[in-house]
Amino acid sequence: MASSVAARRLVARPVLLARLHTASRVQQTANVTGVDTYKYIPGGPILPGTVNDATTFPPPSKSHGSHHWAFERLLSAALIPLTASTFALSASPYPVLDGVLAVSLVIHSHIGFDSMLVDYVHPRKFPVIGPVAKWGLRAATLSVLVGVYQFNTTDIGLTELIMKVWHA
Numbered sequence: 005m006a007s008s009v010a011a012r013r014l015v016a017r018p019v020l021l022a023r024l025h026t027a028s029r030v031q032q033t034a035n036v037t038g039v040d041t042y043k044y045i046p047g048g049p050i051l052p053g054t055v056n057d058a059t060t061f062p063p064p065s066k067s068h069g070s071h072h073w074a075f076e077r078l079l080s081a082a083l084i085p086l087t088a089s090t091f092a093l094s095a096s097p098y099p100v101l102d103g104v105l106a107v108s109l110v111i112h113s114h115i116g117f118d119s120m121l122v123d124y125v126h127p128r129k130f131p132v133i134g135p136v137a138k139w140g141l142r143a144a145t146l147s148v149l150v151g152v153y154q155f156n157t158t159d160i161g162l163t164e165l166i167m168k169v170w171h172a
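Heads up: the sequence shown begins at 5 in my numbering, then just goes up one per residue.
The structure is reproduced here in structure tokens:
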């Protein structure tokens, strides 16, 4: 036990001396050049413009975010009777109901994926991939809405497709 402590002291001493020598060289070069930008600070430098900066928070508001939350819950709750009524009435005589179901499902999926991106791919942590993922989701949602529109107007529609696959 005592030999391992002595060995650690022997190994740690040159490392400590090298750190102190580097720190004094940094101070000397900063004083020679007259630039105090890279001055040695015990405990490490705190550079402005990095993750060390404080986050600016928006002013508190009682209703901030409540509209989004209420819309998400209303849409989720409305999908249950909407799905049941669409399948009960059949999509052939009521194509508008089939279109409303399809658009509601796409919007519900978009809100879910957007919440995932907001939680896990935050633009502050991922400054490049965060906005790219958000715009990719918007483009994918728009293309799915165009596809759903074309499928419901020129083909059999979402409900008829599900019924045919169910009975196949």
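Glycine included, every Cβ here is placed at the ideal spot set by N, Cα and C.
Please read these numbers as outputs of a predicted model, since none were measured by experiment.
When you compare each of the options to residue i by their alpha carbons, which one comes out closest?
i	options	result
serine 108	Ala82, Leu121, Leu146 and His126	Ala82
isoleucine 160	Pro127, Gly140, Ser119 and Ala106	Ala106
glutamate 76	Leu121, Thr60, Phe61 and Ile111	Ile111
Run the CB neighbour count on residue i, radius 10 Å, all protein chains shown included, and call it buried at 16 or more, exposed below.
i	result
valine 152	buried
threonine 163	buried
leucine 78	exposed
histidine 171	exposed
leucine 146	exposed
glycine 103	buried
Taking 7 Å as the limit between beta carbons, can you name the residues of its chain near residue i, skipping five residues before and five after?
i	result
arginine 142	none
histidine 126	Gly134
serine 80	His112
aspartate 118	Leu141
Can you tell me the Cα-Cα spacing of residue i and residue j, whole angstroms?
i	j	result
arginine 128	glycine 116	20 Å
tryptophan 73	glycine 140	23 Å
glycine 69	histidine 114	17 Å
phenylalanine 130	leucine 86	38 Å
methionine 120	proline 46	40 Å
valine 122	isoleucine 84	26 Å
histidine 71	alanine 144	24 Å
valine 132	threonine 59	19 Å
alanine 137	proline 64	28 Å
Should residue i be listed as close to the ligand GTP, given that the test is whether its C-beta is under 7 Å from any heavy atom?
i	result
glycine 151	The ligand content of the structure shown is nil, which means the ligand GTP is not present either.
Once you ignore the five residues that flank residue i on each side, which residues in its own chain have a CB closer than 8 Å to its CB?
i	result
phenylalanine 61	none
leucine 149	Val107 and Val110
lysine 66	none
TODO: Report yes or no: do three or more beta-carbon pairs, one from the stretch 96-107 and one from the stretch 143-158, lie closer than 8 Å?
DONE: yes
Query raised in the report: If you pair each beta-carbon of the stretch 160-167 with each one of the stretch 78-95, do three or more pairs fall below 8 Å?
Result: They touch, by the three-pair rule.
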